[in-house]
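Enquirer: Let me give you the structure first, and then I'll get to my questions.
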Amino acid sequence: MPDSTPAKTPRVRFAPSPTGFLHVGSARTFILNWLYARHNHGTMVLRLDDTDVERNTEASVQSIFEGLRWLGLSWDEEYKQSERLDLHRQKAEDLFAKGLAYRDFTPAHSGDDEKSSAQGAWLSNPGMRELSREESDRRAAAGEPFALRYRVPRGEGRTLRFVDSVYGAQSKLADEVEDFALLRSDGMPTYHLASCVDDADLRISHIVRGQDHLTNTFKHLLIFEALESEPPQFAHLPLLVAPDGAKLSKRKHGPVVSVTTYRDAGFLPQAFVNFLCLLGWSPKDDREFLSLDELTAAFTLEGVNRANAVINFTEEDPFDPKAVWLNAEHIRALPVDELSRSIKPFWEQAGFHPLPEKLLAVTPLIRERIKLLRDAVSAADFFFLEELAPYDPAELIPKNGDAALACRVLQHAQAVLATTTFDHDSLDQALRAAALHLGLKAGQAFQPIRVAVCGRKNAPPLFETMVVLGRELCLARIRKAEENLQSLI
RNA sequence: GGCGCUAUCGUCUAGGGGUUAGGACGUGAGAUUCUCAAUCUUAAAACCCGGGUUCAAUUCCCGGUAGCGCUACCA
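Okay, structure coming up:
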């Protein structure tokens, strides 16, 4: 079991390419790498794979770091591929010198050249693979641009093999692998070259990455061999796909696949992490709600599933219902002070700047009523608003009652509240007594008061709410409600 | 097209040669409560198809189908 007892303390890496925001698939890869490292007391390396100058942006680098920082999972070492170009080029040089690679002077083409692929020319670039060293040197010296390609062994019937920690034994005929590029004609290394050179140089022991690289691994095996380096242990993760089954993409699916979208909507990072882990991995028992520590303790590569996982979202609702549910669970699991600290920025963004004590008093009243932190704004606005937003006075009328009844309730409530101590038990006794006095059921009597005080039917428990609001505000709002009611009598 | 990978409720998954195929989200019904929420109970809901192997296959093997991935001088 390579998982439970690794031969050496593992060194794993997360290697995003900065071509856009951090998306959920990348975040999941990062998280599982992190869990693997921490579970096995290994080292987590962050490496920016930025060899595609055309598509890389600094904004993207920032956005990726922003996303990772929000997740709250730290790494131990950090590298940037663009700062290691000399090493990549030198290794490419070595491979060429050893005859393991050749120069391809064919101009770059766009890839939709179906004729050549149909004929098998894609495999070995006829005319270029066989170019004599003299001819190749002559053309290179003349300044003709070229890409450097790996000379994949042909006609030997060789089978490339590796054992994937998730997908098991894998094999492919070397003759089926095309002569892939190592260096572009501008001298920049390709992903395959840079990635393997760095993985070898950084002594990465386990590569945990998306399944979209499963087939590429055969190329990587060849590169490690050429580098005379023992290949790391590979573990491929099933892909996260959209409801239509397509691989998640920034272009096609937009902000719903961006980690910052979850953050801004008020997901707790621990809930987000919990959710992502459950996509393609399971602790093999019935647990769904897991803390970071529990995830770390439970995580093994054996628990990783092999089928792609659908992450549910629609235009209207960008968040998977299970993610939302887990977030609600994590919200309820958080101590009040921590929760209120998490909610605070959302309230502030809405223009509410409550005192810390009030914040702490309101938080427990809404924590079971919100699923996303941003819900706290609409759930608690009436605590912070001096003037209640206009509401339909008809809401004040309880079931089986009329405006006159509601009015009587509010009048009596004012009289009672003027003298009642504003704590939970006193209010409870006083208002229940009031209901009895009016010959009403508690529910009937409380509705007018609740609507008067909160401005709506659905709100946190009445007595707790009134305690937080205080006598003065409650009385003022009830008085106002009574006025509003006059139009309906 | 070639090559590779995958297939259990709508979704995430557990399981595994003989099970009432388990859990969760979501959905429906009910209970409880001052409303809402939370909580509890409960219902509906799945082994892609066809062949083998076997006393017995959803599970193992083969084929098909479907989906996904790779097939770029992207990563």
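The numbers in my numbering rise by one with no breaks, and the one at position 372 of the first sequence is 635.
Each residue gets a CB set at the ideal place from its N, CA and C atoms; glycine is no exception.
(1) For residue 524, which of 725, 474, 307 and 290 has the nearest alpha-carbon?
(2) Check whether the Cβ atoms of residue 723 and residue 672 sit closer than 8 Å, and answer yes or no.
(3) How would you label residue 543, buried or exposed, when you count the other beta carbons within 10 angstroms and need 16 or more for buried?
(4) Grab the span of the beta strand (DSSP E) containing residue 425 for me, first residue to last.
(5) In three-state DSSP terms, what is residue 517?
(6) Leaving out five residues before and five after residue 433 in sequence, what residues of the same chain have Cβ atoms less than 6 Å from its Cβ?
(7) How far does the beta strand (DSSP E) with residue 470 in it extend, from its first residue to its last?
(8) In this structure, does DSSP put residue 505 in helix, strand or coil?
(9) Which of helix, strand or coil does DSSP assign to residue 208?
(10) When DSSP labels each residue in this structure, what does residue 556 get in the three-state scheme?
(11) Is it true that the CB of residue 533 sits closer than 8 Å to the CB of residue 499?
(12) Between residue 377 and the rest of its own chain, which residues show a CB-CB distance below 7 Å, the 5 nearest in sequence each way excluded?
(13) From residue 283 to residue 709, what distance separates their C-alpha atoms?
(14) Considering only residues of the same chain and omitting the five flanking positions on each side of residue 408, which have a CB-CB separation below 6 Å?
(15) Around the Cβ of residue 570, are there at least 16 other Cβ atoms within 10 angstroms (buried) or fewer (exposed)?
(16) Return the chain-ordered ranges of every alpha helix (DSSP H) run that is complete within the segment 283-323 and spans a minimum of 4 residues.
(17) Extract the residue ranges of the alpha helix (DSSP H) inside the segment 602-644, only unbroken runs of 4 or more that lie entirely within it.
(18) Just verifying my parser: in three-state terms, what is the DSSP assignment at residue 220?
(19) Suppose you measure from the CA of residue 279 to the CA of residue 273; what does that come to, to the nearest Å?
(20) Under 8 Å: do the segment 583-591 and the segment 606-613 share three or more Cβ pairs, one atom per stretch?
(21) What residue does the alpha helix (DSSP H) around residue 351 start on, and which one ends it?
(22) With DSSP collapsed to three states, give me the class of residue 497.
(23) Mind checking which residues open and close the alpha helix (DSSP H) that includes residue 748?
(24) Within the same chain, show all residues whose beta-carbon is closer than 7 Å to that of residue 388, passing over the 5 residues directly before and after it, in chain order.
(25) What separation, rounded to the nearest whole angstrom, lies between the Cα atoms of residue 553 and residue 546?
(26) Exposed or buried, which one is residue 495 when buried takes at least 16 other CB atoms within 10 Å?
(27) For the beta strand (DSSP E) holding residue 275, just list the boundary residues, first then last.
(28) Put residue 551 into one of helix, strand or coil per three-state DSSP.
(29) Please state whether DSSP places residue 766 in a helix, a strand or coil.
(30) Could you spell out the range, first to last residue, of the alpha helix (DSSP H) harbouring residue 597?
(31) Please report the distance separating the alpha-carbon of residue 540 from that of residue 445.
Expert: The structure says:
(1) Locating residue 524 in the first sequence gives position 261, counting from the first residue. When only C-alpha atoms are compared, the closest one is 290.
(2) For the purposes of this step, residue 723 is taken as residue 460 along the first sequence, with counting starting at 1. For the purposes of this step, residue 672 is taken as residue 409 along the first sequence, with counting starting at 1. For residue 723 and residue 672, no; Cβs fall outside 8 Å.
(3) Position 280 of the first sequence holds residue 543. Residue 543 comes out buried.
(4) By 1-based counting over the first sequence, the position of residue 425 is 162. Its beta strand (DSSP E) spans residues 422-427.
(5) Walking along the first sequence from the start, residue 517 turns up at place 254. Residue 517 falls in the helix class under three-state DSSP.
(6) For the purposes of this step, residue 433 is taken as residue 170 along the first sequence, with counting starting at 1. Around residue 433: 425 and 427.
(7) Position 207 of the first sequence, counting from 1, holds the residue named residue 470. 469-473 is the span of the beta strand (DSSP E), which, as asked, contains residue 470.
(8) By 1-based counting over the first sequence, the position of residue 505 is 242. Coil.
(9) With the chain running from 264 to 752 in the structure shown, residue 208 is simply not present.
(10) Reading the first sequence from its first residue, position 293 is the one you call residue 556. Correct three-state label for residue 556: helix.
(11) Reading the first sequence from its first residue, position 236 is the one you call residue 499. Reading the first sequence from its first residue, position 270 is the one you call residue 533. Contact flag unset, no.
(12) Mapped onto the first sequence, residue 377 falls at position 114. Only weak support exists for where residue 377 lies, its pLDDT of 45 falling under 50; the value from the coordinates is given anyway. So no residue of the chain qualifies.
(13) Locating residue 283 in the first sequence gives position 20, counting from the first residue. Locating residue 709 in the first sequence gives position 446, counting from the first residue. Their Cα atoms are separated by approximately 53 Å.
(14) Residue mapping note: residue 408 aligns to position 145 of the first sequence, counting from 1. 448.
(15) For the purposes of this step, residue 570 is taken as the residue at position 307 of the first sequence. The residue in question, residue 570, is exposed, as its Cβ has fewer than 16 Cβ neighbours within 10 Å.
(16) 287-302
(17) Fully contained in the segment 602-644 are the following alpha helix (DSSP H) runs of length 4 or more, in chain order: 619-629.
(18) The structure shown does not extend to residue 220, since the chain is modelled only from 264 to 752, so the question has no answer here.
(19) Here residue 279 corresponds to residue number 16 of the first sequence, with the count starting at 1. Here residue 273 corresponds to residue number 10 of the first sequence, with the count starting at 1. Residue 279 and residue 273: Cα-Cα distance of roughly 19 Å.
(20) no
(21) Here residue 351 corresponds to residue number 88 of the first sequence, with the count starting at 1. 348-360 is the span of the alpha helix (DSSP H), which, as asked, contains residue 351.
(22) The residue given as residue 497 occupies position 234 in the first sequence. Three-state DSSP puts residue 497 in a strand.
(23) Position 485 of the first sequence holds residue 748. Here the alpha helix (DSSP H) through residue 748 covers 734-749.
(24) Counting from 1 along the first sequence, the entry for residue 388 is found at position 125. Correct list, in chain order: 367, 369, 412 and 442.
(25) Within the first sequence, residue 553 is the residue found at index 290, counting from 1. Within the first sequence, residue 546 is the residue found at index 283, counting from 1. Cα to Cα, the separation comes out at about 10 Å.
(26) In the first sequence, counting from the first residue as 1, residue 495 sits at position 232. Result: buried.
(27) Stepping through the first sequence from its first residue, residue 275 is reached at position 12. Here the beta strand (DSSP E) through residue 275 covers 274-277.
(28) The residue given as residue 551 occupies position 288 in the first sequence. Correct three-state label for residue 551: coil.
(29) Because the chain spans 264 through 752 in this model, residue 766 falls outside it and cannot be assessed.
(30) In the first sequence, residue 597 corresponds to position 334, counting from 1. No alpha helix (DSSP H) contains residue 597, which DSSP labels as neither H nor E.
(31) Here residue 540 refers to the residue found at position 277 of the first sequence. Here residue 445 refers to the residue found at position 182 of the first sequence. Between residue 540 and residue 445, the C-alpha separation is close to 34 Å.
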